[in-house]
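Have a look at the structure below before the remarks.
Protein chains: 2
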Amino acid sequence: MIDNLIDGKAIAAAIHEETAREVEALLKQGIQPAVAFVRVGEDPASKVYVGMKEKMAAKLGIKSILHILPESTSEAELLTLLNKLNADRSVHGILVQAPLPKHIDQARVFETVLPDKDVDGFHPVNVGKLLLGDTHGFVPCTPGGIHELLIRSGVETNGANVVILGRGNIVGKPMASILMQKGPHANATVTICHSRSRNIGSICRDADILIAALGVAEFVKADMVKPGATVIDVGVNRINDANAPKGYRLVGDVDFNAVQPIAGKITPNPGGVGPMTIAMLMKNTVRAAKMANLKQ
Amino acid sequence: MIDNLIDGKAIAAAIHEETAREVEALLKQGIQPAVAFVRVGEDPASKVYVGMKEKMAAKLGIKSILHILPESTSEAELLTLLNKLNADRSVHGILVQAPLPKHIDQARVFETVLPDKDVDGFHPVNVGKLLLGDTHGFVPCTPGGIHELLIRSGVETNGANVVILGRGNIVGKPMASILMQKGPHANATVTICHSRSRNIGSICRDADILIAALGVAEFVKADMVKPGATVIDVGVNRINDANAPKGYRLVGDVDFNAVQPIAGKITPNPGGVGPMTIAMLMKNTVRAAKMANLKQ
Chain A
0 MIDNLIDGKA IAAAIHEETA REVEALLKQG IQPAVAFVRV GEDPASKVYV GMKEKMAAKL
60 GIKSILHILP ESTSEAELLT LLNKLNADRS VHGILVQAPL PKHIDQARVF ETVLPDKDVD
120 GFHPVNVGKL LLGDTHGFVP CTPGGIHELL IRSGVETNGA NVVILGRGNI VGKPMASILM
180 QKGPHANATV TICHSRSRNI GSICRDADIL IAALGVAEFV KADMVKPGAT VIDVGVNRIN
240 DANAPKGYRL VGDVDFNAVQ PIAGKITPNP GGVGPMTIAM LMKNTVRAAK MANLKQ
Chain B
0 MIDNLIDGKA IAAAIHEETA REVEALLKQG IQPAVAFVRV GEDPASKVYV GMKEKMAAKL
60 GIKSILHILP ESTSEAELLT LLNKLNADRS VHGILVQAPL PKHIDQARVF ETVLPDKDVD
120 GFHPVNVGKL LLGDTHGFVP CTPGGIHELL IRSGVETNGA NVVILGRGNI VGKPMASILM
180 QKGPHANATV TICHSRSRNI GSICRDADIL IAALGVAEFV KADMVKPGAT VIDVGVNRIN
240 DANAPKGYRL VGDVDFNAVQ PIAGKITPNP GGVGPMTIAM LMKNTVRAAK MANLKQ
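Those protein sequences? They're chains A and B, same order as listed. Going by numbering that gives the first Met the number 0, the first sequence opens with residue 0, and the numbers climb by one from there. Going by numbering that gives the first Met the number 0, the second sequence opens with residue 0, and the numbers climb by one from there.
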């Protein structure tokens, strides 16, 4: 077994420890960071994710308030709740769990959350600040988490060729925003590929850092990876498997077994990017609490 | 002489004609689009640019109001003026001419202009919307103009390799945002290069469309261009020239004479990108007037 794994669990645990210490310091000043989770409907994956976030918040001393709305909730009702949470000074962060029911305009919802409470980093003003290099906004949790993985694993981004597979609003685009900036832990030459890209294989083979966030099971094969490259797997894909207890198993966007021997460093999946998302959410919540406190 | 020029003057003229017709239609409804120009100090280039914008507005039937503030204006004074213009319903668009004096925080200024009046497209919320693929925001004029040049010259972006030289907030970053989107006239594989990039030459040679916005005189040489590629030159650089009447001449980021014979299509400079910026500004102003009218 080659020891080239980027241990997301261990790095996330280190960040959680830092966050817990920050919460402790805030509690001494009489401030308890508080985040509101909003879940609409009973999507099983959403229930699991929100449950994990609640548990971690409790563990770190962060207060969380869960609002569960029925699937039939209208957009107007959801926006009314968000406006109430926006106005509530005891709430520092607001997270609306995606996906939302189809009759609700997701962009509208993300735009309604106050930018200063937008711990998910999805509000256009935070998206814009990230691209502009203005560090006062919130960074979306998954790309923010990948950035921490790179930094804490000693992966040099300065002058590196970074290829991002996937141009989604949650991972691909903000990831590009982070790594193209001027400054330490950035300064990368960034290429964004997607379903319409030609010669993806040869573009990937030029990457010093390859970040796969396409949502295509085991898309990245061994012959697409430059020997020694860092490979980050963001994908969570369900594939049918008659031998698996549930009839399916989860795989990433990277053909891990084939790519690991070639990669310089690689994230396992699970246990790579996944744990980082929640770590960054907690970190963002504490930051929101500090910001709110500075403004009072 | 090879006839591979992208005629920015002619394309800008066509857009101005469309804009004039839209203004005419609005005037019939009793609406005159109005834009406020704000100039701080007496920077000679700024005076020329604002003068050109005023003249073009007048020609198209757009009302413009020029506010000239002294170099010594404080940031607070400038923000007070902007807030007044934000509140003034007879003003549809606001443009603050850059560069601003050094004692004024430019980001703060751009954030103060109401997003709905931000005809320059510099407010973070408009920057964010552009990256997210939300078409309700304003597109910055220079990259928006380059996009029109590509569309109206029949340059296919779908699946094309686009290399952007320069990661500035005014051109490079929003240009990438436009061309990486899903959809017609976009869908490109976008790479952003900058001063820290390695192997720029070989990256450029892979480009089907090469957009130079680095601000380095004649940086793009013939051996950096793939035969048949489209080359867009955004640069305006002053180089010393004892034989020129003013002791200097203006050149682009592309070594035009060397690159033209190789390029499939190329913008002259001047006469390529330059005229498009003002055309898009006028177009944005009319759009702002329409949006304001819809909201009333």
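Yeah, the Cβ is synthetic: ideal placement off N, Cα and C, and Gly gets one too.
Where do the N-terminal and C-terminal ends of the alpha helix (DSSP H) with Asn3 of chain B fall, by residue?
-> For Asn3 of chain B, there is no enclosing alpha helix (DSSP H), as DSSP marks it with neither H nor E.
Near Leu310 of chain A, which residues of its chain fall below 8 angstroms by C-beta distance, leaving aside the five closest residues on each side in sequence?
-> Here chain A covers residues 0 to 295 and nothing more, so residue 310 of chain A does not appear.
According to the Cβ coordinates, are Thr270 of chain B and Lys54 of chain B closer than 8 angstroms?
-> One detail in the question is off: residue 270 of chain B reads as Gly in this sequence, not Thr. Contact: no.
In DSSP terms, what Ala33 of chain A is bridged to | DSSP lists A:Lys62 as partners of Ala33 of chain A.
Counting pairs of beta carbons, one from the region 114 to 127 of chain A and one from the region 58 to 78 of chain A, are three or more of them closer than 8 angstroms?
-> Contact between the region 114 to 127 of chain A and the region 58 to 78 of chain A is absent: fewer than three C-beta pairs spanning the two stretches fall below 8 angstroms.
Between the C-alpha atoms of Glu17 of chain B and Thr284 of chain B, what's the straight-line distance to the nearest angstrom?
-> Cα atoms of Glu17 of chain B and Thr284 of chain B: separation of roughly 13 angstroms, rounded to the nearest angstrom.
Is it the case that the Cβ atoms of Ala228 of chain A and Ala262 of chain A are separated by a distance below 8 angstroms?
-> Judged by beta-carbon spacing, Ala262 of chain A lies within the 8 angstroms limit of Ala228 of chain A, meaning their Cβ atoms are closer than that value.
How many Å lie between Thr276 of chain B and Leu65 of chain B at the Cα?
-> One C-alpha to the other measures close to 19 angstroms.
With DSSP as the reference, please indicate the residues paired to Gly92 of chain B in a beta bridge.
-> When DSSP reads this structure, Gly92 of chain B sits in a beta bridge with B:Val34.
Under a three-way DSSP split, which group does Asn283 of chain B fall into?
-> DSSP places Asn283 of chain B in the helix class (H, G or I) of the three-state scheme.
Report the rounded CA-to-CA distance for Gln180 of chain A versus Thr266 of chain A, giving the unit in angstroms.
-> Going from the Cα of Gln180 of chain A to the Cα of Thr266 of chain A covers about 23 angstroms.
Chain-ordered chain A contacts of Gly165 of chain B [CB-CB under 7 angstroms] | Simply none; closest approach about 11 angstroms.
What residue from A:Leu249, A:His146, A:Ala187 has the CA that sits closest to Ala11 of chain A's CA?
-> The shortest C-alpha separation from Ala11 of chain A is found at A:His146.
Of all the alpha helix (DSSP H) runs that stay within the bounds of the region 63 to 148 of chain A, which reach a length of 4 or more residues?
-> Here the runs fully enclosed are 74 to 86, 105 to 111, 123 to 131.
Specify the secondary structure class of Arg248 of chain B as computed by DSSP and reduced to three states.
-> Note: Arg248 of chain B maps to strand in three-state DSSP.
Quick one: which chain A residues come within Cβ less than 7 angstroms of Pro226 of chain B?
-> Result: empty, since nearest Cβ-Cβ is about 17 angstroms, beyond 7 angstroms.
Should Asn236 of chain B and Ala216 of chain B be called a contact, given that it needs their Cβ atoms to be closer than 8 angstroms?
-> Pairing Asn236 of chain B with Ala216 of chain B gives a Cβ-Cβ distance under 8 angstroms.
Below 8 angstroms, can you find three or more Cβ-Cβ pairs linking the region 153 to 160 of chain B to the region 181 to 191 of chain B?
-> Yes, the region 153 to 160 of chain B is in contact with the region 181 to 191 of chain B.
Could you work out which residues of chain B lie near Met223 of chain A, taking near to mean beta carbons separated by less than 9 angstroms?
-> Within chain B, no residue comes near Met223 of chain A; the closest Cβ sits about 15 angstroms away, beyond 9 angstroms.
Where DSSP assigns a beta bridge to Asn239 of chain B, which residues make up the other side?
-> Looking at the DSSP assignment, Asn239 of chain B forms a beta bridge with B:Tyr247.
What residues of chain A sit near Asp133 of chain B, judged by a beta carbon separation below 8 angstroms?
-> Contacts between Asp133 of chain B and chain A, judged by CB atoms closer than 8 angstroms, involve Ala106, Pro123 in chain order.
Would you report the Cα separation of Gln96 of chain B and Gly60 of chain B, rounded to the nearest angstrom?
-> If you take the alpha carbons of Gln96 of chain B and Gly60 of chain B, they lie about 21 angstroms apart.
Just the C-alpha distance for Glu41 of chain A and Glu70 of chain A, rounded to the nearest angstrom, thanks.
-> So the two alpha carbons sit approximately 7 angstroms from each other.
Short CB-CB distance (under 8 angstroms) between Arg204 of chain A and chain B | No, Arg204 of chain A does not count as interfacial toward chain B.
Chain B residues whose Cβ lies nearer than 8 angstroms to that of Gly214 of chain A | Going along chain B, no residue has its Cβ under 8 angstroms from Gly214 of chain A, so there is no contact; the nearest lies around 14 angstroms.
8 angstroms contact criterion, which Lys225 of chain B and Ser152 of chain B should meet: CB distance rounded | For a cut-off of 8 angstroms, the C-beta gap from Lys225 of chain B to Ser152 of chain B is around 17 angstroms, too long to register as a contact.
Chain B beta carbons: is any one of them nearer than 8 angstroms to that of Gly120 of chain A?
-> It does not: the Cβ of Gly120 of chain A has no partner Cβ on chain B nearer than 8 angstroms.
Residues that DSSP places opposite Val272 of chain A in a beta bridge = Its beta-bridge partners do not exist; DSSP assigns none.
Flag this pair as yes or no: are the beta carbons of Leu148 of chain B and Ile238 of chain B separated by less than 8 angstroms?
-> No, they are not a contact pair.
Could you pull out every residue in the same chain whose Cβ sits closer than 8 angstroms to the Cβ of Glu23 of chain B, ignoring the five residues on either side in sequence?
-> Here Glu23 of chain B has Gly60 as same chain residues with Cβ atoms under 8 angstroms from its own Cβ, once five neighbours each way along the sequence are excluded.
Ordered along the chain, which non-local residues of its own chain (more than five positions away) have a Cβ less than 7 angstroms from that of Pro274 of chain B?
-> Hits under 7 angstroms: Gly7, Lys8, Ala11.
Which partner residues does Asp232 of chain A have in the DSSP bridge list?
-> Per the DSSP secondary-structure output, Asp232 of chain A pairs in a beta bridge with A:Ala211.
Which residue's Cα is closest to the Cα of Phe109 of chain A: A:Lys101, A:Gly234, A:His102, A:Gly120?
-> The option with the nearest alpha carbon to Phe109 of chain A is A:Gly120.
Cβ of Ala287 of chain B within 8 angstroms of Cβ of Gly92 of chain B?
-> The criterion of a C-beta distance shorter than 8 angstroms is satisfied by Ala287 of chain B and Gly92 of chain B.
Under 8 angstroms by Cβ, that's how I've got Val90 of chain B and Leu84 of chain B pegged, so tell me the actual separation to the nearest angstrom.
-> That pair is a contact at about 5 angstroms.
Report the residue from A:Ile30, A:Ala257, A:Lys116 whose alpha carbon sits nearest the alpha carbon of Leu280 of chain A.
-> Among A:Ile30, A:Ala257, A:Lys116, the Cα nearest to that of Leu280 of chain A is on A:Lys116.
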